[in-house]
Amino acid sequence: MLNAMVAHEGSSDSQFSRTNFSQFGRGEPTLARPLLGRVSDDEDDFVSDSSEGGVSSDAESSWKRANKKYVKSVCANLRDVRSGDEMLAQAWIELAIFRKEIFFITFTFLWNFVHSVFTNIVYVIEAELTAAQRVPLNDLGFNMLPELNGSWWIASEYIFVGIISIPIFFAVSNFFIKWRPPHQKPLYIVLVFKRILFNVFCCQCLRIVSFMLTTLPGASRQCLYDIDSMNNSTVFELTHGPANEAGNPEGWAPPDNWHDVLFRIDATNGCGDLMFSSHTIFTMTFVCTLCKYCNWRSIQTLMISLQVVIIPFILAAHKHYSVDIFTALYVTPLVYEILWIRFPDKDSAFHLASRYRVRFRTRKSDGAPCSVVVFNREFPVSFETLPYDMSNKIASGYSALSPSSTVSLSGSDSPFYQSDNDQSSLVVPIVV
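Printed below as a string of structure tokens:
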């Protein structure tokens, strides 16, 4: 436990939540991460870092109240813009994490190509079906929505790109902005993309098993077989042997050889219904990721709205049956939640130090209150950049002290991970 050496000078209050770190080179008056950009429980009462009181909403007009809520949302989610030193430190931290996770990230990324091989195999199987088996199945979504053709057929792909682009932009912006995630932990881009790839990998494994076990006829425009071309055929001809090529639509091009099976990559023009929807796997994965790592309600609402909007466009283009989308809508978040619980991000101070060789510690000299050592390079960082377990332990230790006290952090009780050569105690003053 933290050993507190208290030197009382005045106030008798033992609980406080606002601490001045200006003497460390920063002016944030809050200590614990949850209090940075603090918002009171009262919906109409916002307390900024530079203000001690709220403003009553009784005398405000409706537009002022709406504007205050918007400012509250921004301040509650946007911590700060990183300084040049912090951007450099963040880049080195990401590089250290990527260096350790490169094998896993590469494997899960390349698994998409393995998945593509299995989709090509299904295309070959589709070409061997009889004319009767090539007839699309009855689908409630198809019956309720008008069919999209021409330039509208690709509309779902534009929405798909938009859904994926928003979380990617948000993650990359973490180099420049210190975002406040719902779990109050610092963000590391490599760990975010690792989780995305991990979830997609698991869902694709389930998907491969699903569409390889049962072959369903594709309903998309390049797969739609013209059964009318078989009007003069017998029942035996309709139910035996590969379907007559005369009924194949424009764009029908199954792989002809093993080279095509192994190396053809076409995510939109394959045939054979692939249970369950890959479009929905990717979009739901990115929606879940943004909801886990971004606390900005407006962006969450936008992502969920786009997910709802893309569904009728996929169905109207006959790219998937309704059951494919419905299954992906509950399988993907369930897999994501299981992985989130069973395989949490290794972003604690212990894991960063032991696994990635990223060590946070206090600084004895004036300037930033903390620093991080990566690849034997030391960079100054702000207090809120500390891993959650360190900042929480410091905050819990400070909250039990009275104003104008000092805390001695030494030995195994220290929440700071110091360098191997630094075994001395560190004294952190608290000034209210």
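Add 24 to a position in the sequence shown, counting from 1, and you land on the number used in the working numbering. Every residue gets a Cβ at the ideal spot worked out from N, C-alpha and C, and that includes glycine.
Practice problem: Using the Cα positions of GLU110 and TRP116, report the straight-line distance between them to the nearest angstrom. | Solution: One C-alpha to the other measures close to 10 Å.
Quiz item: Does the Cβ of ASP297 have 16 or more other Cβ atoms within 10 Å, making it buried, or fewer, making it exposed?
Solution: By the Cβ-count criterion, ASP297 is buried, with 16 or more other Cβ atoms from all chains shown falling within 10 Å of its own Cβ.
Quiz item: Hey, CYS295 and GLU408 are a contact pair by Cβ (cut 8 Å); roughly how many whole angstroms apart?
Solution: That belief does not hold up - the Cβ atoms of CYS295 and GLU408 are roughly 52 Å apart, past 8 Å.
Quiz item: If you draw a straight line from the C-alpha of LEU112 to the C-alpha of LYS124, how long is it?
Solution: The C-alpha of LEU112 lies about 19 Å from the C-alpha of LYS124.
Quiz item: Can you round the beta-carbon distance between VAL405 and SER395 to whole angstroms, since I take them to be within the 8 Å contact cut?
Solution: Yes, VAL405 and SER395 are in contact; Cβ-Cβ is about 6 Å, under 8 Å.
Quiz prompt | Distance between beta carbons of ALA352 and ILE305, contact taken as under 8 Å | solution = Contact check for ILE305 and ALA352: beta-carbon distance about 5 Å, within the 8 Å limit, so the pair qualifies.
Quiz prompt | Residues bridged to PHE403 (per DSSP) | solution = Bridge partners of PHE403: VAL396.
Quiz item: Mind pulling the alpha helix (DSSP H) runs of 4 or more residues that sit fully within the region 342-366?
Solution: Taking 4 residues as the minimum length, the alpha helix (DSSP H) runs contained wholly in the region 342-366 are 346-366, in order along the chain.
Quiz item: If you draw a straight line from the C-alpha of ASN256 to the C-alpha of VAL185, how long is it?
Solution: Spanning the alpha carbons of ASN256 and VAL185 requires a straight line of approximately 45 Å.
Self-check item: Pairwise C-alpha distance: ILE338 and PHE194
Solution: Their Cα atoms are separated by approximately 26 Å.
Practice problem: Spell out whether any CB of chain C is found under 8 Å from the CB atom of PHE337. | Solution: Of the protein chains in the structure, only one exists, and it is not chain C.
Quiz prompt | Closest residue to LYS370 among TYR345, ASP413, PRO393, THR258 (Cα-Cα distance) | solution = Looking at the Cα atoms, ASP413 is the closest of the given residues.
Practice problem: Could you check what DSSP says for TRP282 in three-state terms: helix, strand or coil? | Solution: In this structure, TRP282 counts as helix in the three-state DSSP scheme.
Quiz item: Between the Cα of SER372 and the Cα atoms of ASP104, SER322, PRO411, which residue gives the shortest distance?
Solution: A check of alpha carbon separations from SER372 across ASP104, SER322, PRO411 identifies PRO411 as the nearest.
Exercise. Determine the direct distance from the alpha carbon of VAL224 to that of SER301, and round the result to whole angstroms.
Key: Separation of SER301 and VAL224 (C-alpha to C-alpha, rounded to the nearest whole angstrom) is 12 Å.
Quiz item: To which residues of the same chain is GLY265 closer than 8 Å at the C-beta, ignoring the five residues directly before and after it?
Solution: Cβ neighbours of GLY265 beyond the five flanking positions: THR154.
Quiz item: Count the other CB atoms within 10 Å of the CB of TRP282; is the residue buried (16 or more) or exposed (fewer)?
Solution: It is exposed - the Cβ of TRP282 has fewer than 16 other Cβ atoms within 10 Å.
Quiz item: From this set, VAL233, LEU215, THR386, SER189, which residue's C-alpha is nearest LEU326's C-alpha?
Solution: Per the C-alpha coordinates, the member of VAL233, LEU215, THR386, SER189 positioned closest to LEU326 is SER189.
Self-check item: Alpha carbon of TRP276 to alpha carbon of GLU269, nearest angstrom
Solution: The alpha-carbon of TRP276 is positioned some 10 Å away from that of GLU269.
Quiz item: Between the beta-carbon of ALA291 and the beta-carbon of LEU172, is there less than 8 Å?
Solution: With a cutoff of 8 Å on beta-carbon distance, ALA291 and LEU172 are scored as not near each other.
Exercise. Please list, in chain order, all residues of the same chain as GLN331 whose beta carbon is under 6 Å from its beta carbon, the five residues on each side excluded.
Key: If the five residues before and after GLN331 are omitted, its C-beta is found closer than 6 Å to the C-beta atoms of THR307, VAL311, all from its own chain and listed in chain order.
Quiz item: What residue does the beta strand (DSSP E) around ARG383 start on, and which one ends it?
Solution: It spans 382-386 - the beta strand (DSSP E) in which ARG383 sits, taken as one unbroken run.
Quiz item: Could you give the distance in angstroms between the alpha-carbon of ILE187 and the alpha-carbon of THR309?
Solution: Take the alpha-carbon of ILE187 and the one of THR309: they are about 10 Å apart.
Quiz item: The alpha helix (DSSP H) with LYS124 in it runs from where to where?
Solution: Residue range 108-151 is occupied by the alpha helix (DSSP H) that includes LYS124.
Practice problem: Report, in whole angstroms, the separation of the C-beta atoms of LEU164 and PRO241, which I expect to be a contact under 8 Å. | Solution: Taking a contact as a CB-CB distance under 8 Å, the pair LEU164 and PRO241 does not count as one, their CB atoms being some 17 Å apart.
Self-check item: Nonlocal neighbours in the same chain, by C-beta distance under 8 Å from GLU181, ignoring five residues either side
Solution: Closer than 8 Å at the Cβ level, and outside the excluded window around GLU181, lie THR292.
Quiz item: Under a three-way DSSP split, which group does VAL105 fall into?
Solution: Correct three-state label for VAL105: strand.
Quiz prompt | Length of the line joining the Cα atoms of PRO205 and VAL216 | solution = Each residue's CA atom was taken as its position, placing PRO205 and VAL216 some 12 Å apart.
Practice problem: State the Cα-Cα distance for the pair ILE192 and LYS316, rounded to the nearest angstrom. | Solution: The alpha-carbon atoms of ILE192 and LYS316 are separated by roughly 14 Å.
Quiz item: What does a CB cutoff of less than 8 Å around PRO273 pick up in its chain, not counting 5 residues either side in sequence?
Solution: When the five nearest sequence neighbours on each side are left out, the beta carbons in the same chain lying within less than 8 Å of the beta carbon of PRO273 are those of ARG245, GLN246, CYS247, LEU248, TYR249, ASP250, in order along the chain.
Quiz item: Quick one, are the C-beta atoms of ILE232 and PHE142 less than 8 Å apart?
Solution: Yes. Within cutoff.
Practice problem: Assuming ILE183 and ILE334 form a contact by the criterion Cβ under 8 Å, report the distance between their Cβ atoms to the nearest whole angstrom. | Solution: The distance from the Cβ of ILE183 to that of ILE334 is about 4 Å, consistent with a contact at the 8 Å cut-off.
Quiz item: Residue range of the beta strand (DSSP E) that LYS21 falls in?
Solution: Any question about residue 21 goes unanswered here, given that the chain covers just 25 to 456.
Quiz item: Taking just the CA atoms, how far does VAL214 sit from HIS207?
Solution: Using only the alpha carbons, I get a separation of about 17 Å.
Quiz prompt | TYR360 to VAL347 span [Cα, whole Å] | solution = Approximately 20 Å, taken between the alpha carbons.
Quiz item: How should PHE131 be labelled, buried or exposed, when 16 other C-beta atoms within 10 angstroms of its C-beta is the threshold for buried?
Solution: Counting Cβ neighbours within 10 Å, PHE131 comes out exposed, since fewer than 16 surround it.
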